[in-house]
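In our numbering, the protein residues as written are 10 to 199.
Note that the Cβ used here is the ideal one computed from N, Cα and C, for glycine as well.
This one's a predicted model, so the numbers in the text were calculated from it and none came from an experiment.
First up is the structure itself, then whatever we jot down about it.
The structure is reproduced here in structure tokens:
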């Protein structure tokens, strides 16, 4: 297990970029609410601990993990955030539904990261049983929500630094992405 020898809640605050000016969105699935609330609390508390003002943290709830994709997409389009954390929990059952939901959510969040300029952090537990989820949402392995919040801060910082170090003159697309026009390269013969 990847989390067996690691506490998900541990981080060195001295290695975290200053986050006081960033704005974060958190989209939370209502399915497996006990787990997702624990994950949310871990994420929220870590952001606050890293000096993000509470009013710069926006929370939206969606019915289930599959709806996290749409919720994150709408948050990216409307809320002027520096990063979004999606929080969900899918627990293995007796049918293939688990596989389809996990694959769909994973691919959907990956697509948002490819299509937009704002990082979307994946905090969706995909466990075999409820105890594994409890252990990762504030239990013996710490809190994956805390880990996701630290990842969100670091990715917002990378986005900020990249835009400052490499200014582009091209216009932004509606998604916030930069449209880069290709310029033909002229090769001269020696």
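For the ligand FMN, any of its heavy atoms closer than 7 Å to the Cβ of residue i?
{"i": "residue 88", "result": "Inclusion of the ligand FMN in the displayed structure is not the case, the ligand content being empty and no account of it being possible."}
Leaving out five residues before and five after residue i in sequence, what residues of the same chain have Cβ atoms less than 7 Å from its Cβ?
{"i": "residue 135", "result": "99 and 111"}
{"i": "residue 139", "result": "100"}
{"i": "residue 17", "result": "145, 150, 151, 152, 153, 155 and 156"}
{"i": "residue 75", "result": "110, 113 and 114"}
{"i": "residue 129", "result": "81, 93, 95, 118, 121 and 122"}
Helix or strand or just coil, what does DSSP make of residue i?
{"i": "residue 146", "result": "strand"}
{"i": "residue 168", "result": "helix"}
{"i": "residue 177", "result": "In this predicted model, residue 177 has a pLDDT of only 44, less than 50, meaning its place in the structure is not dependable; the value taken from the coordinates is given anyway. In the structure shown, residue 177 sits in coil (DSSP, three-state: anything other than H, G, I, E or B)."}
{"i": "residue 132", "result": "strand"}
{"i": "residue 41", "result": "coil"}
{"i": "residue 125", "result": "coil"}
{"i": "residue 111", "result": "helix"}
{"i": "residue 50", "result": "helix"}
{"i": "residue 163", "result": "helix"}
{"i": "residue 15", "result": "coil"}
{"i": "residue 118", "result": "helix"}
{"i": "residue 60", "result": "coil"}
{"i": "residue 22", "result": "helix"}
{"i": "residue 158", "result": "helix"}
{"i": "residue 28", "result": "coil"}
Enumerate in chain order the residues of its own chain whose CB-to-CB distance from residue i is below 8 Å, with the five nearest sequence positions on each side excluded.
{"i": "residue 132", "result": "48, 52, 94, 95, 96, 97, 153, 154, 156 and 157"}
{"i": "residue 172", "result": "none"}
{"i": "residue 137", "result": "100 and 101"}
{"i": "residue 58", "result": "22"}
Can you tell me which residues form a DSSP beta bridge with residue i?
{"i": "residue 68", "result": "35"}
{"i": "residue 151", "result": "148"}
Near residue i, which residues of its chain fall below 6 Å by C-beta distance, leaving aside the five closest residues on each side in sequence?
{"i": "residue 29", "result": "60"}
{"i": "residue 91", "result": "31, 32 and 165"}
{"i": "residue 169", "result": "none"}
{"i": "residue 39", "result": "70 and 72"}
{"i": "residue 44", "result": "98, 142 and 146"}
{"i": "residue 78", "result": "117"}
Do three or more CB pairs link the region 115 to 127 to the region 49 to 68 at distances below 8 Å? Counting Cβ pairs under 8 Å, fewer than three are found: no touch.
message: Which complete beta strand (DSSP E) runs does the region 74 to 103 hold, if anything under 3 residues is left out?
response: DSSP runs (the beta strand (DSSP E)) wholly in the region 74 to 103: 92 to 100.
Three or more C-beta pairs closer than 8 Å, one from the region 35 to 44 and one from the region 137 to 157: is that the case here? At 8 Å Cβ cutoff, the stretches touch.
The region 40 to 55 in contact with the region 80 to 89 per 3-pair CB rule at 8 Å:
As far as the Cβ criterion goes, the region 40 to 55 does not touch the region 80 to 89, which means the pair count is below three.
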